[in-house]
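The block underneath contains the structure these notes are about, expressed in structure tokens.
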Amino acid sequence: MALLEIRNVTRRFGPLTAVDDVSLAVEAGEFFTLLGPSGCGKTTLLRMIAGFDLPDAGEILLEGADMADTPPEKRPIHTVFQSYALFPHMTVAQNIAFPLRMAGNAPEQISAKVRDALALVHLEAKGQQYPHELSGGQKQRVALARSLVSRPRVLLLDEPLGALDAKLREEMQIELIDMQREVGITFVFVTHSQNEALALSSRIAVMNAGRVEQLDEPSRLYGFPRNRFVADFIGKINLFNGEIVAVDGERVRLRVAGLGEIEARGAAGLRPGTPATLALRPEQVRLAAIGAALDLPNRHPGKVRDFLYIGDVTTYVIDLQNGQRMQALLPNSSPGRAKFFEVGDAVTAAWPAEAGVVLTE
Amino acid sequence: MNYNWHWKVLLEMEPGGTGTYLHYLLVGLLWTLATALAAWVIALAIGAAVGTLRTTPLKWAVRLGNLYVEIFRNIPLIVQMFLWFFVMPELVPQGLGDWIKQMPPPWGSYVPAVLCLGIFTSVRVAEQVRAGIQSLPRGQRLAGIAMGLTEAQTYNYVILPQSFRIILPPLTSEFMNIIKNSSVALTIGLLELTGRARAMQEFSFRVFEAFTAATVIYLLTNLAVVLLMRAVEKKVRVPGLIAAAATPQAGH
Ligand SMILES: Nc1ncnc2c1ncn2[C@@H]1O[C@H](COP(=O)(O)OP(=O)(O)OP(=O)(O)O)[C@@H](O)[C@H]1O
Ligand SMILES: [Mg+2]
Chain F
1 MALLEIRNVT RRFGPLTAVD DVSLAVEAGE FFTLLGPSGC GKTTLLRMIA GFDLPDAGEI
61 LLEGADMADT PPEKRPIHTV FQSYALFPHM TVAQNIAFPL RMAGNAPEQI SAKVRDALAL
121 VHLEAKGQQY PHELSGGQKQ RVALARSLVS RPRVLLLDEP LGALDAKLRE EMQIELIDMQ
181 REVGITFVFV THSQNEALAL SSRIAVMNAG RVEQLDEPSR LYGFPRNRFV ADFIGKINLF
241 NGEIVAVDGE RVRLRVAGLG EIEARGAAGL RPGTPATLAL RPEQVRLAAI GAALDLPNRH
301 PGKVRDFLYI GDVTTYVIDL QNGQRMQALL PNSSPGRAKF FEVGDAVTAA WPAEAGVVLT
361 E
Chain X
1 MNYNWHWKVL LEMEPGGTGT YLHYLLVGLL WTLATALAAW VIALAIGAAV GTLRTTPLKW
61 AVRLGNLYVE IFRNIPLIVQ MFLWFFVMPE LVPQGLGDWI KQMPPPWGSY VPAVLCLGIF
121 TSVRVAEQVR AGIQSLPRGQ RLAGIAMGLT EAQTYNYVIL PQSFRIILPP LTSEFMNIIK
181 NSSVALTIGL LELTGRARAM QEFSFRVFEA FTAATVIYLL TNLAVVLLMR AVEKKVRVPG
241 LIAAAATPQA GH
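Protein sequences, first through last, are from chains F and X.
If you're matching positions, the first sequence starts at 1 in the numbering used here and goes up one per residue.
If you're matching positions, the second sequence starts at 1 in the numbering used here and goes up one per residue.
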């Protein structure tokens, strides 16, 4: 049985359906992420799991028991807020001890647990300081320690790293993974950053306009997006809109206006005559000077419009003959070599038939 | 101004024979303080309760609180004083009313004065408490509930300790107001400091000396209150909290 189960949950605000018939199950010990653009209903769903808000329809079950009549303070579920919500009139140690004190633990037990919690978040030396004396990252750690100290079954984290700068964010991501493994508590994590989601999660539910578009492991989401929205939202991608002209077992052929036919891997449910989109990751595209021999079925001439040197890789923007723009990502594996092509160079963009996914939704 | 100051009057005996005029005024100060302190206890207790209720999700409590505040805020203090002194004993059951009316002086004026000032000030305290609570980030309350606290525990340990620290300075001025406002009690016959200054002027015909002395005593008293409250503020202050509270926290 799943630890946490959401069954057909809907939440409306007036004419707006913020969460629309969402069903999903979170297993014990998972690092589960809700990912989606701003306003897609992530926080609303999280608030209903915490009990701060109730669904208009559907059920939320914890270990098989319906939570509808359980008020938030009775749920073995804690929340870490983006604003940290530390108590400014208490020291760091008092903040962490607070939930234990309120639960009536013995003082010796409390101080042992607080010590462990401070060690877990590497803040052993800060116990006697007040929250406003800490940096953003340190505050976030205290907030984590405070929510973990009383061992909830599920920890909800609503964009907990949103207020941190990029470098600190990365550091905290690694710590979050370590911490979650160490304590073994199930995390339900909310973010609108796909990088963060891919880096942290065991599974991700991609949400859009109140619905779950796809629920999968990070590598499957990236490699096998189910529809255009997911393909576009997760990572960079080139989308070629066309029509299926032939289906031949493993292979399909797609006609794209101005480019001719593209050969791609087949999938169940593809029929000739239906519109479809090829979604192709930039790192799956090869570039070669015009005329160079390329043993790939899909070859399209174009012109380098722009490039972005990022250090280990360079992203090239190519204008194809039909006016469509596409991106190709090339590794700069030989040292000192910043780029292969210049702006204006005529190139061939090519990719194998196995690359990319054909989408019909 | 051509006035012959005669400060020695303060050392002359007052006609009642209880001691000098200075002693007479200082006893007045004691009544002022006794009235103000007792009223302050009432104001704080009711004000904290009403102010807190008005921030809860309980709709009826919020409405009741608003009604209370509107009633006692919009009637002038002196009118309220008369209502408590003349009208209240007629409204309560007759036995209790008679007992109130027969209370020996000064209690017959002291009790209504304390009730009146306490309730009048409780409205202002309630407003401060409400504003203090509402100035806290919403996450504070949710954080308490998220970690398993009841609503009452959240108020007790998280919301109120922070709010009271924030509103300590305005509460100090409310306390100073209550000391000043207690002079209105002279209208119902309580011989507190102002009442006694007026009596002294009537007995001795020394109006300037009487009221200058009263003024100085009021000033010194308020100075003492300010110093005391400053010590309290220092004691309960979280290092740097006020400065930190001024920079808005990220919220949802
Ligand atoms: N209490 C409310 N009353 C009315 N509308 C609401 C309420 N709470 C949320 N909404 C609306 O519901 C939608 C989903 O909001 P929600 O906060 O869940 O989005 P989100 O996915 O968390 O977005 P973000 O990434 O910006 O935090 C939004 O359009 C929002 O305006
Ligand atoms: Mg949100």
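The beta-carbon is built from N, C-alpha and C at its ideal position, and this holds for glycine as well.
Everything numeric in this text was worked out from a predicted model, so none of it was measured.
{"Asked": "Could you give the distance in angstroms between the alpha-carbon of H252 of chain X and the alpha-carbon of Y316 of chain F?", "Found": "Because H252 of chain X carries a pLDDT of 41, less than 50, the predicted location of this residue cannot be relied on, and the following value inherits that uncertainty. If I take the Cα positions, the gap works out to 39 Å."}
{"Asked": "Considering only the beta carbon of each residue, do E250 of chain F and P275 of chain F sit closer than 8 Å?", "Found": "no"}
{"Asked": "Candidates F:V80, F:R151, F:K303, F:E170: which alpha carbon is nearest L398 of chain F's?", "Found": "It is not possible to answer for residue 398 of chain F, since the shown part of chain F is limited to 1 through 361."}
{"Asked": "Relative to ligand 2, is the shortest distance from any of its heavy atoms to the C-beta of D53 of chain F smaller than 7 Å?", "Found": "no"}
{"Asked": "Taking V41 of chain X as the query, report the chain F residues whose CB atoms sit under 9 Å from its CB, ordered along the chain.", "Found": "Per Cβ cutoff of 9 Å: no residues; V41 of chain X is ~24 Å from chain F at best."}
{"Asked": "For ligand 1, list every residue whose C-beta falls under 5 Å from any of its heavy atoms, going in chain order.", "Found": "F:F13, F:A18, F:S38, F:G39, F:C40, F:G41, F:K42, F:T43, F:T44, F:H192"}
{"Asked": "In three-state DSSP terms, what is D178 of chain F?", "Found": "helix"}
{"Asked": "Between the alpha carbons of D345 of chain F and F189 of chain F, how many angstroms are there, rounded?", "Found": "45 Å"}
{"Asked": "Sorry if obvious, but does the Cβ on D158 of chain F come closer than 7 Å to a heavy atom of ligand 2?", "Found": "yes"}
{"Asked": "Determine the DSSP secondary structure at A231 of chain X, reduced to helix, strand or coil.", "Found": "helix"}
{"Asked": "Closer than 7 Å by beta-carbon distance: list the chain F residues that pair up with V216 of chain X, in chain order.", "Found": "Residues of chain F passing the Cβ test: none, with the nearest at roughly 39 Å."}
{"Asked": "How big is the Cα-Cα spacing for E127 of chain X and A85 of chain F?", "Found": "25 Å"}
{"Asked": "Going by C-alpha to C-alpha distance, which of X:K235, X:V236, X:F211, X:S182 sits closest to P112 of chain X?", "Found": "X:S182"}
{"Asked": "Establish whether the CB of V232 of chain X and some CB of chain F are separated by less than 8 Å.", "Found": "no"}
{"Asked": "So which residues of chain F does V158 of chain X contact, with C-beta pairs closer than 7 Å?", "Found": "F87"}
{"Asked": "Name the DSSP bridge partner or partners of F240 of chain F?", "Found": "F:L278"}
{"Asked": "For F85 of chain X, does the count of other Cβ atoms within 10 angstroms reach 16, so buried, or fall short, so exposed?", "Found": "buried"}
{"Asked": "Is L22 of chain X near L10 of chain X, with beta carbons less than 8 Å apart?", "Found": "yes"}
{"Asked": "Report the residues of the region 67-96 of chain F with a CB closer than 7 Å to any CB of chain X, ordered along the chain.", "Found": "P72, E73, H78, T79, F81, Q82, S83, A85, F87, P88, H89"}
{"Asked": "Given a cut-off of 8 Å on the beta-carbon distance, is the pair L190 of chain X and A214 of chain X in contact?", "Found": "no"}
{"Asked": "In chain order, what residues of the same chain have a beta carbon less than 6 Å from the beta carbon of M1 of chain F, not counting five sequence neighbours either side?", "Found": "G64"}
{"Asked": "Along the chain, where does the alpha helix (DSSP H) containing L134 of chain F start, and where does it finish?", "Found": "First-last for L134 of chain F: undefined, no H or E at that position."}
{"Asked": "According to the Cβ coordinates, are V123 of chain X and F72 of chain X closer than 8 Å?", "Found": "yes"}
{"Asked": "What residues match up with D312 of chain F in a beta bridge as DSSP calls it?", "Found": "Answer by DSSP bridge pairing: none, since D312 of chain F is not bridged."}
{"Asked": "Taking one C-beta from the region 173-190 of chain F and one from the region 143-158 of chain F each time, how about it: are there three or more such pairs within less than 8 Å?", "Found": "yes"}
{"Asked": "Quick check: the region 114-123 of chain X against the region 147-154 of chain X, are at least 3 beta-carbon pairs closer than 8 Å?", "Found": "no"}
{"Asked": "Tell me the DSSP secondary structure of H23 of chain X in three-state form.", "Found": "helix"}
{"Asked": "DSSP state of D158 of chain F, grouped into three classes?", "Found": "strand"}
{"Asked": "If you measure beta-carbon to beta-carbon, which residues of the region 142-173 of chain X are closer than 9 Å to chain F?", "Found": "L142, A143, G144, I145, A146, M147, G148, L149, T150, E151, Q153, T154, Y157, V158, P161, Q162, R165"}
{"Asked": "Would you list the residues sitting across from R325 of chain F in a DSSP beta bridge?", "Found": "F:D319"}
{"Asked": "Which residues share a DSSP beta bridge with H300 of chain F?", "Found": "F:A349"}
{"Asked": "The region 122-135 of chain X: which residues have C-beta closer than 8 Å to a C-beta of chain F, in chain order?", "Found": "none"}
{"Asked": "Candidates F:S111, F:A246, F:D306, F:L330: which alpha carbon is nearest D312 of chain F's?", "Found": "F:L330"}
{"Asked": "Under a CB-based cut-off of 8 Å, is S147 of chain F close to chain X?", "Found": "yes"}
{"Asked": "Quick one: is the Cβ of R228 of chain F within less than 7 Å of any heavy atom of ligand 3?", "Found": "Absent from the structure shown: ligand 3. Ligands present: ligand 1 and ligand 2."}
{"Asked": "Please say whether P301 of chain F and E263 of chain F have beta carbons closer to each other than 8 Å?", "Found": "no"}
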